[in-house]
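The structure appears below as structure tokens.
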Amino acid sequence: MDAEVLQSPSVEEIVSQFKAHCPCVEVTKTETRRVYAKVPSENIFKVCQFIHDNLTYEHCSTVIGVDYIDHLTVVYHLTNYYSGVMIELSADVPSEDPHIDSVTPIWQGANWHERETWELFGIVFDNHPRLERLLTPKTYEFFPFRKSYKLRGWE
Amino acid sequence: MADSIVPVKEIEEKMDTDKMWVIMGPQHPFSHGLWTLKVQLDGEIVVDADPIVGYLHRGWEKETENRTYPKIIPMADRLCYAASMTYTHLYCMTVEKALGIDIPEKAKYIRIVADEVCRIQSHLMWLAAVGTDMGNLTVFLWCMREREFFLDLNVKLCGQRMTTNFPRIGGVRNDTTELFDRDIIRTVDRFEKALWDIIYLIDDSSIFFSRMKGISYLTREQVANMGMTGPAMRGCGVDFDIRRDDPYDNYDKVDFEVPVETEGDSYARYKIRIEEMFQSCDIIRQAVQKINALGKNAPYRLKVPSRVPAGTAFTRLEDPRGESLMYLVSDGTDKPYRLKVRSPIFTNVSTSKAMCVGCRIADVPAILAQIDMCLGETDR
Amino acid sequence: MAYSSILDWIDFFKDPMDSPYYPFDTYNLAYDIGFKLWEIVGGLIAWLINLLFPGNGLSEWLMSDYVCTIFALLLFMLLIFIVAFVSCLIVLWEERKVLGRMMDRRGTMIGMKGFLQCVADGLKTFMKENTIPKKVDKMTYMWCVSLIVGLSVLVACMVPLSSRWYVVDYQTGLLIIMAFFALAPFLILVSGWAQNNKYSLIGGMRAAELMISYEVPMLILICTTALYVGSFNIGDIVYFQNEHVWFIIPQILGFITFFFCATAEAERVPFDIAEAEAELVEGWQTEYAGMKWGLIMLGDYLRGTVSCGMVVIMYLGGWTLPFIGDGPIPEIVFLLKAYLVFFLMVLVRAASARVRTDQILNIGWKVFMPLSVINLAIVIVLKMGGVFC
């Protein structure tokens, strides 16, 4: 399936490209220069590869982890340098044994963001070149940003 | 003067020297802030670099989950003391997006003026650091002298020099004061002339030129892929500025140019920031004109509810250092559920390996001065 | 009992050059002052002792020619050292004030427009704790400091301030000064090694290679001046310039080259990679603390003063004024000219950045060496043509 490469796609073009080539992506909302979508966590690598190659999204702004107590979510923000349109992808991972594919092979910029998400939430990124603690001390044993980790003095 | 690359490799292979790991930091005169850069040296050439950050990690994002929305504004100030206005601006924009409100025109223009003053002041601090790292203290003192005028402007606007606590959710804290109106154009006019003194000192000196030109080349693909944003990215050929291409808060109503260089070396990144300072002066003049046109009685702040409806929102902004982004998850109460900050320097520091490899160790401070390091926002 | 008045013992107007033991060839002002001081002090002591024990041999011995000469020499050495030291302090003060004004600040302000602050800083440094790190090579570590500082003081004292203020009047005066000046890099290299520290080693090697590569143009320029004049004697060089023309005019290239080589030798910005505090902490001075560091700083400024002195001797006519020749106080003229040259060095420091190691070697070998050779060629042509001769 050979899709054409769009350098500066608009919001409508992105939505139609998703419908045509990545049916697993579910677009929840669109605004001016923003596309919000949900992706199942198994397909994240293929979808990101598509967005990088065919829609020319050269920059991964952030990789964010959120702890909704029954599941964890990884949120990606991707930028296109030609059109200024941003795509937000969110992928849910289960709370016990959270694994998701790393997008570092596609965007080097996601390297430290994924490291930080791992050390703060415990979400393991498969195929990450170096998943080590970055901000917290090397001997730290907890994942501090999970809701189960209470700040001292509260509750 | 000629810059010859001594054929170190051939001599070194015959001599069979060991590669040495030199640890620059955490206490080091040139690293502006508390971080370590381990460089592996092969003689004089750097072959590997490993930045270590995290000495200043305060758990900022977790702390915000226990505070009501207005209380987070002074916390956002302390993310970076030199760019505090932009971080609070970003935070207020994110919460306003989550609330779904649109702030008054006057507040938007005042925020633009405050942002650009912050940008000039941050770039002056960067220029002072560049001079010091090269061994010249005159540039440092002259830039600090100029910076004092802009910090005085901050005082006249909101009473504080650096951690200003000025934007509010729904607008800004107060209208522009009399002293601020009297002095803003005068300061900008004076600054434009004084900046030329500093530029002549640096540009006309072939020593500065030879220490920045031809050092640490990066290609456009490398920069875009590695996530480097801001003036460093525009020095390598990526023509993207959030203020122009993804405008927020009335930046589409002011006219300015975005300097872009295609060379990709240290000197290009240096020239971009100088040019940006001049462009900021233009923006300030236009915004002040528009504020005066709106008159004294225009509203500058809206009353906002204390509870934010459940949902997610994110906005991004052109920080003096790059692209900063905030992502808010709210659950209907008056405290955020999750607030994440993307700091531009966090990603720029991770690229220091690509920037330093292949250069001599004497160049490392000059290269890293282009990152404009600020630890508070890297570690949060 | 014959009462001998003090005037029997003090002969204030005795000409020092009458003594058979007079150590110099011409009139030496510093020796004269030392001699007169000893006349007063020694005469007083001798008279007092003579009052108690009249006719004793000690008093006679104290005022005899031989002993007079020895004590006069001791006082002479002290005087020369004090003048060199104070002039170095003035240079330090000048740097702080002038550099401050160039950077839009005032520099030191306390105590006689800031001069006494330099003295106070020196005293403070000397009173700090004398720590020796454990892993250094003790003998080399301590000897190196002494030798570096000692050599710097020695060469500062050897520069004559006028035709009557000198230590020795060698026929090869200029060359001797340059030789002592050039010993320092080796000691810096050894001290960098002795500190057992990665940073100091790199710093010491950098300093040594910098200095060695900048001494070559300096030597060529010194030989050029000697060629022009016909001798290495400093007095000859100065009076030649007085008769004909200050060498800055025919040898303008030489002046510029020598000036920058002198900046490099004194390890000042733009050539201070050895200190390079932004990159490698303190370079070869990392492990020296307290008094040792204070002495090294002093040695640095002494070498800076000596470089300026050499520039003045070789290019700016030494201690003579343009049409008058030897003024009333040629020492002051010489010192003022040296301070003027140092002002230029401070100007260069305020405006320039630091040059990288390989770039420094580039400049030294590829720019300054050819310039000095071109200067030599110009001088040969001028000498053969009989211009300014």
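Protein chains in written order, with our numbering: chain C, 1 to 155; chain F, 156 to 535; chain R, 536 to 924.
We treat Cβ as the ideally placed atom computed from N, Cα and C, and that holds for glycine.
Everything numeric in this text was worked out from a predicted model, so none of it was measured.
Three-way DSSP call (helix, strand, coil) for residue i in this model
| i | result |
| --- | --- |
| K495 of chain F | strand |
| E812 of chain R | Confidence at E812 of chain R is low in this model, with a pLDDT of 45, below 50, so its placement is unreliable and the value that follows should be read with caution. Note: E812 of chain R maps to coil in three-state DSSP. |
| K193 of chain F | strand |
| I370 of chain F | coil |
| W107 of chain C | coil |
| C391 of chain F | coil |
| D704 of chain R | coil |
| I526 of chain F | helix |
| E817 of chain R | Residue placement at E817 of chain R is poorly supported in this model, since its pLDDT is 45, which falls under 50; the coordinates still yield a value, given next. Reduced to three states, the DSSP call for E817 of chain R is coil. |
| M175 of chain F | strand |
| T30 of chain C | strand |
| F795 of chain R | helix |
| D270 of chain F | helix |
| S461 of chain F | coil |
| V773 of chain R | helix |
| K549 of chain R | coil |
CB contact check: residue i to chain F, cutoff 7 Å
| i | result |
| --- | --- |
| G109 of chain C | yes |
| I64 of chain C | yes |
| F145 of chain C | yes |
| L89 of chain C | no |
| M832 of chain R | no |
| T643 of chain R | no |
| H99 of chain C | no |
| W900 of chain R | no |
| R196 of chain C | Nothing can be reported for residue 196 of chain C, as the shown portion of chain C is limited to 1 through 155. |
Straight-line gap, residue i to residue j (C-alpha atoms, nearest Å)
| i | j | result |
| --- | --- | --- |
| E812 of chain R | Y236 of chain F | Because the pLDDT at E812 of chain R is just 45, under 50, the model does not fix this residue reliably, and the point stays unresolved. |
| V5 of chain C | G122 of chain C | 36 Å |
| G209 of chain F | S461 of chain F | 33 Å |
| V63 of chain C | G325 of chain F | 28 Å |
| A91 of chain C | C436 of chain F | 43 Å |
| G649 of chain R | T287 of chain F | 25 Å |
| W628 of chain R | D344 of chain F | 37 Å |
| V409 of chain F | R399 of chain F | 9 Å |
| M849 of chain R | K872 of chain R | 12 Å |
| K174 of chain F | C843 of chain R | 42 Å |
| K263 of chain F | I228 of chain F | 17 Å |
| L911 of chain R | L917 of chain R | 10 Å |
| I439 of chain F | I357 of chain F | 26 Å |
| A283 of chain F | D474 of chain F | 19 Å |
| V519 of chain F | V194 of chain F | 9 Å |
| R389 of chain F | S365 of chain F | 21 Å |
| V25 of chain C | E58 of chain C | 19 Å |
Boundaries of the alpha helix (DSSP H) in which residue i is found, first to last residue
| i | result |
| --- | --- |
| G577 of chain R | L564 to L587 |
| F45 of chain C | I44 to N54 |
| L724 of chain R | A719 to A729 |
| S435 of chain F | S421 to L449 |
| C22 of chain C | Premise fails: C22 of chain C is in no alpha helix (DSSP H) and is neither H nor E. |
Span of the beta strand (DSSP E) around residue i
| i | result |
| --- | --- |
| V671 of chain R | It is not in any beta strand (DSSP E) - V671 of chain R carries neither H nor E in the DSSP assignment. |
| E473 of chain F | G466 to E473 |
| D396 of chain F | Run containing D396 of chain F: none; DSSP gives neither H nor E here. |
| I64 of chain C | H59 to Y68 |
| Y482 of chain F | E478 to S485 |
Short CB-CB distance (under 7 Å) between residue i and chain C
| i | result |
| --- | --- |
| D518 of chain F | no |
| E168 of chain F | With a pLDDT of only 49 at E168 of chain F, under 50, the local geometry of the prediction cannot be trusted, and the value read off the model is given with reservation. Output row for E168 of chain F: interface = no. |
| D270 of chain F | no |
Closer than 7 Å to chain R by CB, residue i
| i | result |
| --- | --- |
| I522 of chain F | no |
| I354 of chain F | no |
| L312 of chain F | no |
| M289 of chain F | yes |
| L279 of chain F | no |
### Task
Taking only runs that begin and end inside the segment 178 to 257 of chain F, name each unbroken beta strand (DSSP E) of 3 or more residues, in chain order.
191 to 197 and 200 to 207
### Start-end ranges of the beta strand (DSSP E) lying completely within the segment 837 to 916 of chain R, minimum 3 residues
none
### Task
Could you pull out every unbroken beta strand (DSSP E) segment of at least 3 residues lying fully inside the segment 628 to 669 of chain R, listed in chain order?
none
#### Entry: Every unbroken alpha helix (DSSP H) inside the segment 70 to 142 of chain C [4 residues or more]
110 to 121
#### Entry: Completely contained alpha helix (DSSP H) runs for the segment 289 to 347 of chain F, where each covers 4 or more residues
292 to 313
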